[in-house]
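Report on the structure given below.
In our numbering, the protein residues as written are 647 to 896.
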């Protein structure tokens with residue numbers, strides 16, 4: 647595991663690859679998009695806030711990296727039809743999809759199990775589970791059109807061991823781990839690999855919402871996590887599938 651967390655990627659590790667990143671407007675998604683672009687990928691930026699996506703697009707332009715693409719889409723309201731149309735556009739423009747980083751998710755409300763609000767629970771499950779299924783399902787033809795594609799789901803420590811008061815979020819991440827395992831098993835003999843990353847405690851807006859009194863300066867930044875994100879998206883991991891990885895040393 648340690649070698650993946652310290653992975654050193656060649657500058658052209660992702661040259662010629664087309665990679666879609668959800669939640670690309672800020673936090674880990676933004677950092678991953680920039681990192682993939684720096685290493686030669688054409689990055690498709692998906693998120694709900696156009697202004698944030700445009701800011702990342704401009705940063706990629708300034709790097710002199712391949713021109714990015716923007717898909718403004720709110721996963722809360724998007725339907726299967728939206729995802730199918732998106733997938734068709736990607737196939738028309740690029741002919742394949744080499745990588746999919748499913749980074750976008752919502753925390754919901756942290757509360758005792760007996761106080762879980764049904765509407766909040768359903769929103770968390772929709773964005774963190776149902777939407778992830780719909781987008782991945784729609785993109786399977788594009789992923790299978792690539793010589794060696796990588797799908798990365800995002801989990802959490804509470805998606806492996808339940809924790810009091812984490813309710814909907816924890817349940818959604820257990821479901822994420824299961825979805826990735828199902829997909830990895832189905833496509834084990836194909837050119838598509840499927841893995842999961844647990845980012846761990848990271849300096850993001852979601853973390854500060856969950857732990858408002860925490861000293862964020864003591865946390866790893868999204869940039870600190872990128873070696874693993876690069877490894878699993880590069881061809882150096884093409885024989886690895888069905889894994890659940892920690893981005894930080896325990």
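All C-beta atoms in this analysis are idealised placements derived from N, C-alpha and C, irrespective of residue type, glycine included. The structure presented is a predicted model; accordingly, all values stated were derived computationally and were not measured.
Within the same chain, Cβ atoms closer than 6 Å to the Cβ of residue 715 are found at 690, the five residues on either side in sequence being excluded. Using a Cβ distance threshold of 9 Å, residue 722 and residue 879 do not count as a contacting pair. If you draw a 10 Å sphere on the C-beta of residue 810, you find fewer than 16 other C-beta atoms in it, and that means exposed. When only Cα atoms are considered, residue 683 and residue 746 end up about 14 Å apart. Exposed is the label assigned to residue 808, since fewer than 16 other Cβ atoms lie within 10 Å of its Cβ. In the DSSP annotation of this structure, the continuous segment of the beta strand (DSSP E) that includes residue 745 starts and ends at 745 to 748. Three or more pairs of CB atoms, one per stretch, sit closer than 8 Å, so the region 667 to 684 contacts the region 700 to 708. Taking the CA atoms as reference points, residue 739 sits about 47 Å from residue 761.
The continuous stretches of alpha helix (DSSP H) do not include residue 883, and DSSP gives it neither H nor E. Relative to the Cα of residue 717, the nearest Cα in the group 710, 733, 711 belongs to 733. Residue 697 counts as exposed, since fewer than 16 other C-beta atoms from the protein chains shown sit within 10 angstroms of its C-beta. Assignment of residue 787 by DSSP, reduced to helix, strand and coil, places it in the helix class. Around the CB of residue 895, fewer than 16 other CB atoms lie within 10 Å, so the residue is classed as exposed. In the structure shown, residue 742 adopts coil according to DSSP, grouped into three states. In its chain, beyond the 5 residues on either side, 647, 650, 841, 842, 843, 844, 874, 878 have a beta carbon closer than 8 Å to the beta carbon of residue 891. Ranked by how close their Cα comes to the Cα of residue 730, the residues 669, 788, 867, 804 have 788 in first place.
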